[in-house]
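So the sequence shown is numbered by the working numbering: it starts at 131 and just counts up by one.
Think of the CB as a built atom: it goes at the ideal place given N, C-alpha and C, for glycine as much as any other residue.
Everything below concerns the one structure shown next.
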Amino acid sequence: MIKKTILALSIAASGAAFAQVSVTIDAAKPGPVINKNIYGQFAEHLGTGIYEGMWVGPESKVPNTKGWRNDVVGALKDLHVPLVRWPGGCFADEYHWRDGIGPRDKRPVKVNTNWGGVEESNAVGTHEFFDLAEQLGAEVYVNGNLGTGSNQEMAEWLEYMTSDSKSTLAELRRKNGHEKPWKVDYFAVGNEAWGCGGEMSPQHYAQLYKTATVFLKTPPAVRPKFIASGGNDNDTTWSDELSKIKNKIDGISFHYYTIPTGVWEKKGAATGFAEDQWISTVKNTLKMDDHIKVNAAVMDKNDPQKKIGLFVDEWGTWYDVEPGTNTGFLFQQNSLRDAVVAALNFNIFHAHADRVRMTNIAQMVNVLQAMILTDKDRMILTPTYHAFKMYVPFQDAASLPVAVANNGKYSVGSTTVPQVSASAARAKDGKVYVALVNTNPNKAVDVTVNLSGAKVGKLNGQVLTATAMDAHNTFAQPDAVKPAPFSAQASGGKVVVKLPAKSVVVAAVE
Ligand code: AHR
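Below is the structure:
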């Protein structure tokens, strides 16, 4: 529960009660643009992520537009979702697109072998996915099936989606209700080829990728950006091998999940955790920076002109599933800790905006680190949702160099992390925005915000914090964690703010 009194104390301009961290933003030296697709989402056929969570079908009593829930889509629109990846994940390498077209009552029912062994009705297919993207105003990222599919199947899917000709496949699309071709912004060849996508070596996959892309053709004006399925964690062998490819490669995917314990078999709970798992979660999140650095370094060697992006198309927290839920559904609660994880990752992605030009949090609704949790016709917004919304000004903003001096340290036992994380950018509205995260769950910290070469008048924005580390929203208390207004006045051309314990602040520097 956010306590108004605590917030009021926290956001007051402060005397120097604590060591002062200083954050200096160089607004005169704009860096690379923070591609809006860094705020991309991921919707897989997994658990209730699509069915129930977003898709109820046009006949449902739940208010919907073309089968997609109005409440959920409405809330997602407020996030300015720039891009959605679909249909997987591991599901993508067992998905056959022809199962998901034509009259829904005639579509084959399959078994979702990756996620809980449940029936997959194929009610959501290509046309439905494009309806969702259209309602959100989002770009589309379609993940092709290399594992159990074929080059022919992927090529024909692209033709079905993008051809304006009178070919049989284009006519079939028209017969199924879509006259005009769609624009496929991104198309990936397989997923996690090192694991659920086929347990391949980087060399074997690279050859399959090169062969596949020879046959993946569209009219030139609507050629999607092609994505090769890359590695994970600090394994650079995939980025190295794939960034040597010269043709038809626009991005290499990369996956890294934050697991509190670092152990897959016992990851840690989403709520009710002790402080040792708060700090290990922060520490493990910050590893994203090193993972990007080492992967970007091998890509710089092979692709110095940075033609190929490193797309972190799966990231987020992965906890033990909520007790009593289907272990294959990956349903987990989402607390203030998740918002801090999201903000730390955003700040890292901004710092690598030259190479990281797309990321997709896993996943959009009801799965892993979700924006929204649903229960039948009800929904709640998670702390992660609020973090995404607070960071909207960073979409397509010009990154600005930020120097953090005199940063404090936060420790539990032998684990230590930096206390403050910061990022800044000049947004499309012309204003400079700063994002600050205090990783310490116990102590506020005084932060001086300077703008080199200019005076700061005030900071105006929002803060997200709460009294408990695992504060979260429930259907009984849907607004337990939500942003509050944040402002601080300057004196002498600089502003000193007290950043509350365990908080995220995004503010315009005015
Ligand atoms: O996001 C859940 C799963 O995690 C994805 O399907 C897979 O790509 C990854 O292992």
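Query raised in the report: Hey, would you say the C-beta of Gln282 is under 7 angstroms away from at least one heavy atom of the ligand AHR?
Result: no
Query raised in the report: Cβ of His385 within 7 angstroms of any heavy atom in the ligand AHR?
Result: At least one heavy atom of the ligand AHR lies less than 7 angstroms from the C-beta of His385.
Query raised in the report: Can the beta-carbon of Lys588 be found closer than 8 angstroms to that of Gln619?
Result: yes
Query - Identity of the residues DSSP links to Ile155 by a beta bridge - result: According to DSSP, Ile155 bridges with Val532 and Leu581.
Requested in this report: Return yes when at least one heavy atom of the ligand AHR lies under 7 angstroms from the C-beta of Glu329, else no.
Outcome: no
Query - Member of Val471, Thr278 and Pro233 whose CA lies at the smallest distance from the CA of Met418 - result: Val471
Query raised in the report: Along the chain, where does the beta strand (DSSP E) that runs through Ala332 open and close?
Result: Ala is not the amino acid found at residue 332; the sequence shown has Pro there. Where Pro332 is concerned, there is no enclosing beta strand (DSSP E), although the alpha helix (DSSP H) it sits in stretches over Pro332 to Phe345.
Query - Per DSSP, cross-strand counterpart(s) of Phe616 - result: Gly591
Requested in this report: Pick out whichever of Tyr339, Gln462 and Lys374 has its Cα sitting closest to the Cα of Thr504.
Outcome: Gln462
Query raised in the report: Taking one C-beta from the stretch 189-208 and one from the stretch 475-491 each time, how about it: are there three or more such pairs within less than 8 angstroms?
Result: no
Query raised in the report: Would Val254 be called buried (16 or more neighbouring beta carbons within 10 Å of its own) or exposed?
Result: buried
Query raised in the report: Are the CB atoms of Pro434 and Glu371 nearer to each other than 8 angstroms?
Result: no
Query raised in the report: What are the partner residues of Arg508, as DSSP defines its beta bridges?
Result: Asp505
Query - Contacting residues, own chain, Cβ-Cβ under 8 angstroms from Gly392 (five flanking each side not counted) - result: Ser410 and Asn414
Requested in this report: State yes or no: is the C-beta of Arg237 within less than 8 angstroms of the C-beta of Gly230?
Outcome: yes
Query raised in the report: Going along the chain, which residues of its own chain have a beta-carbon closer than 7 angstroms to the beta-carbon of Lys431, five neighbours each way excluded?
Result: none
Query raised in the report: Between which two residues does the alpha helix (DSSP H) harbouring Phe221 extend?
Result: First-last for Phe221: undefined, no H or E at that position.
Query raised in the report: In its own chain, which residues sit with a C-beta less than 8 angstroms from the C-beta of Ala285, not counting the 5 before and 5 after it?
Result: Phe345, Leu346 and Lys347
Report task. May I have the straight-line CA-CA distance separating Ala535 from Ser152, to the nearest angstrom? Result -> 5 angstroms
Query raised in the report: How would you call Asn377, buried or exposed, if buried means at least 16 neighbouring beta carbons within 10 angstroms?
Result: By the neighbour-count rule (16 or more Cβ atoms within 10 Å), Asn377 is not buried but exposed.
Requested in this report: Could you check what DSSP says for Phe384 in three-state terms: helix, strand or coil?
Outcome: strand
Report task. For the beta strand (DSSP E) holding Ala492, just list the boundary residues, first then last. Result -> Met488 to Ala492
Query - For Ala426 and Leu440, believed in contact at Cβ under 8 angstroms, the rounded distance - result: 6 angstroms
Report task. Could you tell me if His516 is buried or exposed, where buried requires 16 or more neighbouring beta carbons within 10 angstroms of its beta carbon? Result -> buried
Report task. For Gly219, verify whether its CB is less than 7 angstroms away from any heavy atom of the ligand AHR. Result -> yes
Query raised in the report: Does the beta-carbon of Asn364 have 16 or more other beta-carbons within 10 angstroms, so that it is buried, or is it exposed?
Result: exposed
Query raised in the report: Start and end of the alpha helix (DSSP H) containing Arg304?
Result: Thr298 to Lys305
Query raised in the report: Taking just the CA atoms, how far does Ala342 sit from Ser280?
Result: Straight-line Cα distance between these residues: approximately 8 angstroms.
Query raised in the report: Starting from Pro630 and walking both ways along the beta strand (DSSP E), at which residues does that stretch end?
Result: No beta strand (DSSP E) holds Pro630; DSSP gives it neither H nor E.
Query raised in the report: How far does the beta strand (DSSP E) with Val564 in it reach, from first residue to last?
Result: Val562 to Asn568
**Report entry** Three or more C-beta pairs below 8 angstroms linking the stretch 181-196 and the stretch 565-580
**Finding:** Contact between the stretch 181-196 and the stretch 565-580 is absent, because fewer than three Cβ pairs lie under 8 angstroms.
Query raised in the report: If you follow the beta strand (DSSP E) that Ile422 is part of, which residue opens it and which one closes it?
Result: Looking at the DSSP string, Ile422 is not in any beta strand (DSSP E); the run it does join, the alpha helix (DSSP H), is Glu405 to Asn432.
Query raised in the report: Looking at C-alpha atoms only, which residue of Glu249, Leu594, Ala222 and Trp448 is the closest neighbour of Val497?
Result: Trp448
**Report entry** Status (buried if at least 16 other CB within 10 Å, exposed otherwise) for Ala606
**Finding:** exposed
Query raised in the report: How many angstroms separate the CA atom of Gln337 from the CA atom of Asn306?
Result: 35 angstroms
Query raised in the report: So is the beta-carbon of Asn321 under 7 angstroms away from any non-hydrogen atom of the ligand GDP?
Result: What this structure holds is the ligand AHR, not the ligand GDP.
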